[in-house]
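These notes concern the structure reproduced below.
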Amino acid sequence: MGNTEKKKKSKKIWLLVILFLLSIVGAVSAFLIITKGDKTDTKKTNYDSNIYFANIKEFSGSVTATKKAEISNDDKTKLTYEVTLSKPGDFYQFNVDVKNDDSADCILNAVKSKMNGKSISKLPEYLEYSVTYNDGQEIKANQAIKSGKTKTYTVRIAYKKDLSEDNLPKEKQTLSMELNLDTRYAKKDETIEEVDIKLCKRASVLHTFIYTNKCDDCAITHNIGDVITYGNQNTTNGELKSGDAFDCDVNGDGVYDNKKERFYYVSDYYDTTSKSFNSDYATLIYYNNVKAGEPNNKFTYAYDYNYGDFYGPVFSHAQLPSAREWSNVKLFKETRQLLNENGETTTTAISLKGAATPNIPLGTFTYTDKVARLLTIQELNQACGITFPCTYIAGLQAGKLGTCEYLLENTRYATPNFSNWWLENAHVDSAISVWYVSSSDNAIRLAPKYDSNYAGVRPVIDVLKSNILY
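Just so you know, we're using our numbering here: the sequence shown kicks off at 0 and counts up by one.
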């Protein structure tokens with residue numbers, strides 16, 4: 000077989016990175032090469048050889064590139080960019096899709112990394128460089144991109160923070176880095192396994208806030224000016240704990256936005272019909288309240304304007320995200336049995352004259368066209384160790400949320416201008432009352448369901464644990 004014919008059977012996708020670190024760091028070049036295998040191994044014989052780059056998305060916070068990442072050749076197999084990193088902490092990061100429009104599945108034979116033409120086990124102390132799947136999982140051999148499918152890679156190169164003088168290069172450096180993804184097509188009758196990209200991954204950076212609202216009665220107290228850190232980061236792999244912070248690609252754009260897509264693990268999913276926890280699903284709560292599905296903690300809403308019977312969050316649920324905002328998630332059960340704080344399906348009707356009729360059955364509520372719901376007291380109790388059943392007076396005790404400070408992010412707990420948020424549950428002694436998180440005194444309180452001055456709306460999503468990278 001001649002050289003010309005061999006070249007026709009080989010196709011390369013080049014990712015060319017030209018990086019100039021100012022001062023003592025110097026220039027770095029990096030290549031990502033995807034080499035396609037011989038077509039004789041394919042499941043199908045009639046196909047168009049077509050694996051290529053598409054859809055580049057730069058990350059917020061990246062330095063302004065001298066030349067933005069762009070696909071630069073006709074068959075979309077070459078990607079180049081130029082960037083300057085002038086100080087520790089500077090980084091450039093973007094997502095890029097690798098699409099397989101062949102009629103054959105593509106499989107990685109091997110993944111090889113080189114620096115200056117030699118295999119490496121680690122990078123220089125001052126440099127970070129990685130190419131991973133967009134959820135952070137490692138790209139490994141024997142993984143596949145099926146015919147007609149797309150995988151999203153995240154490329155990041157950064158000048159490390161907090162370096163000692165001993166770890167800085169002593170003179171200008173020129174480094175050539177190479178990541179080679181050697182591919183082939185699937186053989187006939189070969190079982191294909193794709194990497195399962197997760198909806199949520201552990202947060203790499205936690206949210207913080209400067210405390211400006213002194214709360215003398217809270218179980219957790221801060222001084223004015225203290226920095227509050229929300230959620231957990233350094234946790235044991237394979238375990239979920241209340242407050243574990245996650246970034247979830249709820250809008251399906253391939254980016255795990257650590258500012259607007261932050262969620263916290265509360266507990267296992269509580270099934271209000273069976274009145275039991277489902278250990279296959281996790282209950283994750285959003286970091287903020289919402290208005291029309293978008294982050295906004297300035298507004299409060301009535302739970303339901305109806306004075307009489309208890310029908311659930313008829314009015315407030317309209318603010319929850321729909322598939323238009325969060326296309327990548329859905330509720331485990333759209334219709335839910337309503338419960339009181341004791342886990343019972345009854346409440347007490349209160350007439351306009353104040354007469355009480357106990358043991359009125361609670362019905363169901365359907366979160367029509369919504370992909371998120373409100374949190375239940377049962378899930379909050381599980382996470383925070385709050386003891387229920389309780390009386391109205393017990394519910395007023397401050398400090399009940401002392402072990403769950405992450406639930407108070409973007410609320411009056413941090414600053415007086417932010418709002419509280421509703422829980423899903425009715426009150427056993429009054430059909431006109433609903434429980435809410437009173438963040439100013441770190442407690443769970445009751446409010447009239449028709450009053451729009453008490454609480455906002457904070458979304459909860461139901462996520463299969465197998466769809467979380469933890």
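Just so it is clear, CB atoms sit at the ideal spot from N, CA and C, and this is done for glycine as well.
Next on the checklist: Going by DSSP, what residue range makes up the beta strand (DSSP E) through residue 373?
Outcome noted: No residue range can be given for residue 373, since it is assigned to no beta strand (DSSP E) and is classified by DSSP as neither H nor E.
Item to check | Neighbourhood of residue 392 by C-beta distance below 8 Å, restricted to the same chain and skipping five residues each side | outcome: Summary for residue 392: the model assigns pLDDT 42, below 50, so the residue's position carries little reliability, and this model does not support an answer.
Item to check | Residues sharing a beta bridge with residue 109, DSSP | outcome: According to DSSP, which records beta bridges pairwise, residue 109 is partnered with 181.
Item to check | residue 242, buried or exposed, once every other Cβ within 10 Å from all chains shown has been counted against 16 | outcome: That one is buried.
Next on the checklist: Can you give me the C-alpha to C-alpha distance between residue 69 and residue 97, rounded to a whole angstrom?
Outcome noted: The alpha-carbon atoms of residue 69 and residue 97 are separated by roughly 14 Å.
Next on the checklist: So, for residue 59: in the same chain, excluding its five sequence neighbours on each side, which residues have a beta-carbon less than 8 Å away from its beta-carbon?
Outcome noted: Closer than 8 Å at the Cβ level, and outside the excluded window around residue 59, lie 256 and 258.
Checklist entry - Can at least three beta-carbon pairs, one atom from the segment 81 to 93 and one from the segment 149 to 159, be found at a separation below 8 Å? => result Taking a cut-off of 8 Å for Cβ pairs, the segment 81 to 93 and the segment 149 to 159 touch, as three or more such pairs fall below it.
Checklist entry - Does the Cβ of residue 45 have 16 or more other Cβ atoms within 10 Å, making it buried, or fewer, making it exposed? => result Any reading at residue 45 is ruled out, since the residue's pLDDT is 39, under 50, leaving its predicted position unreliable.
Next on the checklist: Could you give the first and the last residue of the continuous beta strand (DSSP E) run that contains residue 360?
Outcome noted: Counting along the chain, the beta strand (DSSP E) containing residue 360 begins and ends at 355 to 360.
Next on the checklist: Let me make sure I understand the geometry here. Which of 466, 436 and 362 has the alpha-carbon closest to that of residue 271?
Outcome noted: Each of 466, 436 and 362 was checked against the Cα of residue 271, and the nearest Cα belongs to 362.
Checklist entry - Which value, in whole angstroms, describes the spacing of the CA atoms of residue 457 and residue 142? => result Separation of residue 457 and residue 142 (C-alpha to C-alpha, rounded to the nearest whole angstrom) is 38 Å.
Checklist entry - Using the C-alpha atoms, what's the distance from residue 226 back to residue 209? => result Looking at the two C-alpha atoms, the distance is approximately 4 Å.
Item to check | Cβ distance (whole Å) where residue 197 is taken to contact residue 467 below 8 Å | outcome: With a Cβ gap of about 6 Å, residue 197 and residue 467 count as contacting.
Item to check | residue 324 to residue 336 span [Cα, whole Å] | outcome: Rounded to whole angstroms, residue 324 to residue 336 spans 26 Å at the Cα level.
Next on the checklist: Using a 10 Å radius around the Cβ and a threshold of 16 neighbouring Cβ atoms, would you call residue 311 buried or exposed?
Outcome noted: When all chains shown are included, residue 311 counts as buried.
Checklist entry - According to the Cβ coordinates, are residue 406 and residue 436 closer than 8 Å? => result Against a cut-off of 8 Å, the Cβ pair of residue 436 and residue 406 comes out as a contact.
Checklist entry - Are residue 133 and residue 250 closer than 8 Å when you measure CB to CB? => result Residue 250 is positioned such that its CB atom lies no closer than 8 Å to that of residue 133.
Checklist entry - What's the C-alpha gap between residue 205 and residue 229? => result Approximately 6 Å between the Cα atoms of the pair.
Checklist entry - If we ignore side chains and look at the alpha-carbon of each, how far apart do residue 161 and residue 125 end up? => result Residue 125 has its alpha-carbon roughly 9 Å from the corresponding atom of residue 161.
Item to check | Simplified DSSP state of residue 428, which is helix, strand or coil | outcome: For residue 428, the secondary structure class from DSSP, reduced to helix, strand or coil, is coil.
Checklist entry - Within this structure, are the beta carbons of residue 365 and residue 422 separated by less than 8 Å? => result For the 8 Å CB-CB criterion, residue 365 and residue 422 do not form a contact.
Checklist entry - If you drop the 5 nearest sequence neighbours on each side, which residues of the same chain put their C-beta closer than 7 Å to that of residue 122? => result Hits under 7 Å: 128.
Checklist entry - Given a threshold of 16 other Cβ atoms within 10 Å of its Cβ, counted over all protein chains shown, does residue 189 qualify as buried or as exposed? => result Only exposed fits residue 189, as fewer than 16 other CB atoms lie within 10 angstroms of its CB.
Checklist entry - Which residue from 87, 64, 193 and 86 puts its Cα closest to that of residue 79? => result Cα-wise, what sits closest to residue 79 is 64.
Next on the checklist: Once the 5 residues before and after residue 191 are set aside, which same chain residues still bring their CB inside 7 Å of it?
Outcome noted: Once the five neighbours on either side are set aside, the close Cβ partners of residue 191 are 104, 143, 145 and 185.
Checklist entry - What do you reckon, are the CB atoms on residue 455 and residue 299 nearer than 8 Å? => result For residue 455 and residue 299, yes; Cβs fall inside 8 Å.
Next on the checklist: DSSP three-state label for residue 407, please.
Outcome noted: DSSP places residue 407 in the helix class (H, G or I) of the three-state scheme.
Next on the checklist: Is the separation between the beta-carbon of residue 303 and that of residue 348 shorter than 8 Å?
Outcome noted: Cβ distance not < 8 Å, so residue 303 and residue 348 don't count as in contact.
Item to check | Alpha-carbon to alpha-carbon, residue 442 and residue 388 | outcome: Annotation note: pLDDT 43 at residue 388 (below 50); position unreliable, no value reported.
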